[in-house]
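Residues 304 to 459 in this note's numbering are what the sequence shown spells out, letter by letter.
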Amino acid sequence: MQGTEMPDYINQQPRQGQTHTGDANKSERRPWQLFLLSVGLLCIIQATLNITLRLIVHSSKQSTQSDCNTTYLSDHNNMAEMLIYCENEMTNKCNSLQEQVNALTRDRDSLQNRNNVLRNIIKCVADEVNKREVRLRVVRNCLRFQPCPGARCFSQ
């Protein structure tokens, strides 16, 4: 029994390339993972809220359901009133749309007139630039030739 002795345990530092157990890395990454997960959930909630609010605002501006599309099981007198109401509602909607078309047409015409005015101004400026370039060429030619050949250098 004495021939089988156990060697003494030696506590050694880990060698290069050998890492500690993964428990330390996992514990360091855990707060960051939770943080990123919570930010992602907040983004999803915010996007959902934005879409919902947009749909609510849009649906309140234009009501898509009309009383004219519903069916009433009632007497003939109520049906006649409903038809008159629907005709008036459709007329009002048509008038509103026509007013919008007229306003947009006025805006378009106004913008076309403004564009024409600006194009004319650009043409005038371009003509003025061309005239000044011609004058500049004449002056440069006069400066090259000392003394000035002819009176045209000083006439302008």
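Ideal placement from N, C-alpha and C gives every residue a C-beta, glycine not left out.
All of these numbers come straight from a predicted model, not from anything done at the bench.
Worksheet item: Going by beta carbon distance, what residues of the same chain come within less than 8 Å of residue 443, once the five residues before and after it are set aside?
Response: none
Worksheet item: Does DSSP put residue 376 in a helix, in a strand, or in coil?
Response: Per-residue confidence for residue 376 stands at a pLDDT of 48, beneath the threshold of 50, marking its modelled position as unreliable; no derived number is given.
Worksheet item: In angstroms, rounded to a whole number, what distance separates the CA positions of residue 367 and residue 410?
Response: Residue placement at residue 367 is flagged as unreliable, the pLDDT there being 49, under the threshold of 50; a coordinate-derived value is accordingly withheld.
Discussion item. I need the DSSP call for residue 398, collapsed to helix, strand or coil.
Written reply: helix
Worksheet item: Enumerated in chain order, which unbroken segments of the beta strand (DSSP E) with a length of 3 residues or greater are wholly contained in the segment 405-440?
Response: none
Worksheet entry | Buried or exposed (CB count within 10 angstroms, at least 16 for buried), residue 313 | exposed
Fill in: Local conformation of residue 313 per DSSP, three classes
coil
Discussion item. Between the alpha carbons of residue 407 and residue 347, how many angstroms are there, rounded?
Written reply: 39 Å
Item to complete: Can you grab the Cα-Cα spacing for the pair residue 418 / residue 344, in whole Å?
Response: 49 Å
Item to complete: Determine the DSSP secondary structure at residue 319, reduced to helix, strand or coil.
Response: coil
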